[in-house]
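Working notes, structure below.
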Amino acid sequence: MKAPKILILRAAGTNCDLETENALRAVGAAPERVHVGQFRSGRRRLMDFDALVIPGGFSYGDDIAAGRVLANQVRLYLKDLRQFVRLGRPVLGICNGFQVLVKAGILPASNTCEQTASFTVNDSGRFESRWVNLRINSQSSCIFFKGLPEMIELPVAHGEGKLVLKSPRQLEEMKKNKTIVLQYVSDDGKISGYPDNPNGSVFNIAGLCNAEGNVLGLMPHPERFTAIHHHPNWTRQTFLKSGVGLEMFRNAVQHCRS
Amino acid sequence: MIAEIQPLEDLESACRRHSWSLNAQELAAVRRHFKALRRAPTRAELESIAQTWSEHCKHKTFTGPIRFSDGKKTERIANLFDRTIAKATRELARPWCLSSFKDNAGVVAFGKKKGRWAVAFKVETHNHPCAIEPYGGAETGVGGVVRDVLGVGLGAKPVLNTDVFCFAAPDFDGPLPEGALHPKRTLRSVVAGVRDYGNRLGIPTAAGGLCFDPGYRLNPLVFVGTVGLLPTWALKKEVKAGDLIVAAGGRTGRDGLHGATFSSAGLSADSPASAVQIGHPLNEKKLLDALLAARDKRLYRAVTDCGAGGFSSAVGEMAEGRGARVRLENAKLKASDLKPWEIWLSESQERMVLAVPPKNLKALSEVFAAEDCELSVLGEFTSTGRLVVTHEGQAVVDLDLKFLHHGLPRVEKTAVWTAPKPQAVKVEQVKRSPAEILKFCLSHLNVCSREWIIRQYDHEVQAGTVIKPLQGVRHDGPGDACVIWPHAATGEMKDFSAFAVSHGLNPAYGRLDPYRMALACVDEALRNLICVGADVEHAVLLDNFCWASPDDPRQLGALVRAAQGCHDAAKGFGTPFISGKDSLYNQSKDANGKDAAIPGTLLISALAPVADARRALTMDIKGPGNALYLVGCTGEELGGSLLAQACDLPGGCAPKVDPKTAASAFKAVAAAIAKGLVLSAHDLSEGGLAVAAAEMSFSGEFGAAIDLDMVAKAGPIYSNEVLLFCESQSRLLLEVKPEKEAALLKALKGVVVKRVGVTMANPILKVIGLDGLVCLEEPLCALKAAWQGTLPRLLS
Amino acid sequence: MSVKTAAWTIEVKLKADLADAEGQSALSLLQGLGVLTTRACRATRLYELRCGLNAAQLQQVARELLCDPITQDFRVVPGGARPPVLNGMTHWRVEVWPKGSVADPAGETVRSAIAEMGLPQPERVRVGTAYLISGRCGRGQLEKAVVRGLANPVVHDAAVTESHP
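Residue numbers (my numbering), protein chains in the order written: chain A, 1 to 258; chain B, 259 to 1054; chain C, 1055 to 1219.
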């Protein structure tokens, strides 16, 4: 079967693109890292790809605000992104990529192109790099988490990861349509505060998807957990399953094939 | 615009006015040279010479002649570096060292696929800028060392950053002179600078250390290192006449003039502020991406970074043995009013110079344009042996490259070393209980948890940090070293070849004996590598000397001793040095106007391959009922130890290292670990056995019971405290499964190793003293709290 | 064609109901330096634009680029940075700008991002920070603390102004 063509969108300051490419290749995809400038010049087209990943990093130095400049470029140069989403092709935003999806108005999904949520500086006031416990919303239709256990672990590394919503009503709506797909929890699965919730996100939100489940944005880094040796406790042999991140990428590739 | 001419009669005052650090002999050499030419030099020529001949660029002290006397005999050392560190490397002649001391960084072979990959390692200091503007100083320090590695061969992809800081305690409350920053502010800002720059470049900062000593209050030390990976075909660089001189990256501005000359003199209140810059990580990232893309298309023949001295150094260096013709009006500028000599000497960050065959220029321009990275063609390399620089047709520099690179007159320096009289430490004066001393040690700034810092660094970007700096059940125990599996650089996820990096540094030993300090630092760095399962037989070392003024014979004497220690350590352990750097004149006037010098400091950084990352090791205790084995002998060596500090015991000798014995023990332990006989390993350093056992226990959340009677002693020792806290070198604590004990002992045949205790489910640390009674029993949570509390309390 | 350029400052601050981590850490820094009477501190990002943009274009830049619609508010102030007028004796405004001689990476990003929006590229953009501090304290004391904690005279220009009429 043909390997799905997956676009890894780069910009100045993107820095998790190579490991994302390795992870995708490991699950049988044909990833390609393409600079956003190629879309500006019209040399490449989004529609030629089967899926889109916006990887982590500090696009444009995170100057002004994390992901802001790249989000504006996505609006300008990837005009057919909404169409891409409507066609059901998988879109994944990791960390800085999640910030871009939110600031470009793709997540939380709305009928308009308006931005309805945002990120602000972690409550601790510092960049935080640590592994966190996460709970997957088992009722969500998100394609990336198919077959995964309810509780997973992934690393986060960000300074501006606190998700802020436009209104409390929006939160209720998101709960109702099951788009809050990932939450920071304690090791026994309960909603709790710092450091379990590393940034102070509203309702401990770590990841959002659209109602159809083909768009996912998350702050944690799945590409940093593709082998069991990425897990901080692999030497204690308490974690012997395969990397959660790899399964997420595998799901995306499966979805492209089906 | 007419180039500024500098009359020869007035060289001395011009030298002072422009803060060139040229001495009388050097000025005389310049005068002679230009008298013979029958013309006066231009400002730009003198600036070029001052930069090239500065301590920072030429390492005059390390490579110049020294008359060294140690009280008994006097000898003339023609070239200290060549007679010590380089000599050891030469004599060891390890085939896996691909490039030592030649290029921007040392390079060794890497990985299973023989000859495919190489790894480059460089550690730099950025002390002077960090004293004045710690945030920008730290940023540009990281930027500089990353560019060093980008400029190795045809460019290596950075895969790891390291950071080691030496500061005064953040709660320092003594007087500070006008303009000096408080140590707490320096620490916070330096951490922020390393964080903001390293994180934005996408390079994990995963190895490092912290050392506090009041001697650093005016001169903080900031060591930043980078490890990079390059294909072996890209090792060779060669400039050909006719190649274009291409400047790439950021634009040239007035910022950062005189950095090299500035860091070659003591700090004073009127140090030029223009030498300090703020970094531009985004420009560096674009440069990094563009350069590596161009490398893989093989579009240029040589590359080097613009560091101290800017274009003058970079072009001057690349043109050595050839020649160069530069037209400064082609440089891309930040401001249009720059004078030609300013363009030539500016140290604006994030720039590199490439030698490009003319036919490749178009392709190169396309690659750089695709990454939004600027470049400009400055001129071309020639075969005239001259460095000719013009601006709009006006001559700015016309120098003989031979004079520039080899015209520096050598001035002999005097070094004196008087060995301090050995002074016995009065052990009977230990008045505090072992539990008190242990908590003192754990909460000591030089031992305590660095989590506050490490969490601010993205230490897992590139998804290769297999052994992380923080280890254990709750991911917060002190790792000995990190292990990096650089698949993001190689693209090979099925190959688990990796490498480990660690450090050794201890100025407290150096105060007593710089020679022993050097051996101890090498020992510590190698010990740390073993604990993560690295192959220490293939380890390599980097040295970074930070010293006060070498014009003081006693300071220079101590430096000579330390360098000799490096030589003997390298030879004894069979581990070569591949790169190094020195930063001298780390002294300034304190609040009373007295010269305050830093303690002579040597940072040893070590790198070793880990054949299979999946067999690496962490230091946390893995389960109850396992045996604890102590490798190495414990002697009564308290000089410079934390125990001596805790109980106010002056004097003593720095711990001694016998590299031959240590090396064979290390080799055996590494082999045992490779065979899978060891569950966890931790090195004994500051705080000795007690601290090592406590750290292993609270990180693994299993208790440990230790019997001091079982410890191998290098002579009669009757004090529990000495056995618990003394800092004898070359010791390791290993956790071993009962069924593997026999195999371990067999593997460690001929090595001093004793079963000193067991692990247990009960979360306490329990120590049985020499008299058979319990001398220490503490819950792990109390020990961990002491260890974790220090930095957050002082910094938040 | 020459376009007349003018200086504008766009001030962007977090909405009042959001916790301001940057302001909070500045506050604890000041308190740690002995200015114990400071009670609150909010940080405001300042963008000084020297440009030929008209009023509508400036609004567009602020709305679409510099200010986050969910978390922040902005105002456009003509001229260089100028302190706003607050009431009472206990309000201070500390402005910290990068010196003209040092790099301003964020300013450069803003400059090219504005051009990317299809608007005329500003001649120069500088990014600074204003700390709005409330609490009774002496100007001298505050100025000293600012130099010891929030700004380094080697690379920053800092100004403390009393924000009352």
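Backbone N, C-alpha and C fix where the C-beta goes; we use that ideal spot for every residue, glycine too.
Kindly list the residues whose CB is nearer than 6 Å to the CB of residue i, restricted to its own chain and excluding five residues on each side of it in sequence; keep chain order.
| i | result |
| --- | --- |
| residue 674(B) | 327, 811, 812 and 815 |
| residue 744(B) | 417, 487 and 722 |
| residue 681(B) | 909 |
| residue 928(B) | 788 and 794 |
| residue 1205(C) | 1150 and 1212 |
For residue i, which option in the options has the closest C-alpha, if you only look at C-alpha atoms?
| i | options | result |
| --- | --- | --- |
| residue 499(B) | 615(B), 670(B) and 845(B) | 615(B) |
| residue 597(B) | 1024(B), 859(B), 301(B) and 930(B) | 301(B) |
| residue 1036(B) | 972(B), 390(B) and 1024(B) | 1024(B) |
| residue 189(A) | 137(A), 142(A) and 223(A) | 137(A) |
| residue 997(B) | 852(B), 939(B) and 934(B) | 934(B) |
| residue 466(B) | 380(B), 556(B) and 760(B) | 760(B) |
| residue 1165(C) | 1177(C), 1157(C) and 1118(C) | 1177(C) |
| residue 76(A) | 1130(C), 1099(C) and 1171(C) | 1171(C) |
| residue 472(B) | 1031(B), 809(B), 429(B) and 641(B) | 429(B) |
| residue 382(B) | 538(B), 403(B) and 392(B) | 403(B) |
| residue 990(B) | 342(B), 921(B) and 747(B) | 921(B) |
Using a beta-carbon distance below 7 Å, is residue i in contact with chain A?
| i | result |
| --- | --- |
| residue 1159(C) | yes |
| residue 1079(C) | yes |
| residue 527(B) | Its pLDDT being 43, under 50, residue 527(B) is placed unreliably in this model, and the value from its coordinates should be taken loosely. Cβ-Cβ to chain A under 7 Å: no for residue 527(B). |
| residue 628(B) | yes |
| residue 1092(C) | no |
| residue 1124(C) | yes |
| residue 1215(C) | no |
| residue 1015(B) | no |
| residue 1304(C) | Here chain C has residues from 1055 to 1219 only, and residue 1304(C) is not among them. |
| residue 403(B) | no |
Return yes when the Cβ of residue j is within less than 7 Å of the Cβ of residue i, no when it is not.
| i | j | result |
| --- | --- | --- |
| residue 252(A) | residue 90(A) | yes |
| residue 502(B) | residue 582(B) | no |
| residue 153(A) | residue 121(A) | no |
| residue 10(A) | residue 33(A) | yes |
| residue 198(A) | residue 156(A) | yes |
| residue 376(B) | residue 407(B) | no |
| residue 1124(C) | residue 1101(C) | no |
Classify residue i as helix, strand or coil using the three-state DSSP reduction.
| i | result |
| --- | --- |
| residue 839(B) | strand |
| residue 527(B) | Low confidence applies here, because residue 527(B) scores a pLDDT of 43, under 50, leaving its location unreliable; read the following figure in that light. Coil, per DSSP. |
| residue 779(B) | helix |
| residue 424(B) | strand |
| residue 1062(C) | strand |
| residue 683(B) | coil |
| residue 357(B) | strand |
| residue 1075(C) | helix |
| residue 1004(B) | helix |
| residue 1099(C) | strand |
By Cβ distance, which residues of its chain are closer than 7 Å to residue i, with the 5 residues on each side in sequence left out?
| i | result |
| --- | --- |
| residue 541(B) | 507, 508 and 608 |
| residue 1093(C) | 1188 and 1189 |
| residue 1097(C) | 1074, 1076, 1077, 1080, 1183 and 1185 |
| residue 754(B) | 743, 870, 871 and 872 |
| residue 882(B) | 960, 1017, 1018 and 1019 |
Got a sec: is the Cβ-Cβ distance from residue i to anything in chain C below 7 Å?
| i | result |
| --- | --- |
| residue 118(A) | yes |
| residue 93(A) | no |
| residue 745(B) | no |
| residue 762(B) | no |
Below 8 Å CB to CB, which residues in the same chain sit around residue i once its five sequence neighbours on both sides are set aside?
| i | result |
| --- | --- |
| residue 734(B) | 707, 709, 728, 957 and 1046 |
| residue 372(B) | none |
Counting only beta-carbon separations shorter than 7 Å, does residue i have a partner in chain B?
| i | result |
| --- | --- |
| residue 1089(C) | no |
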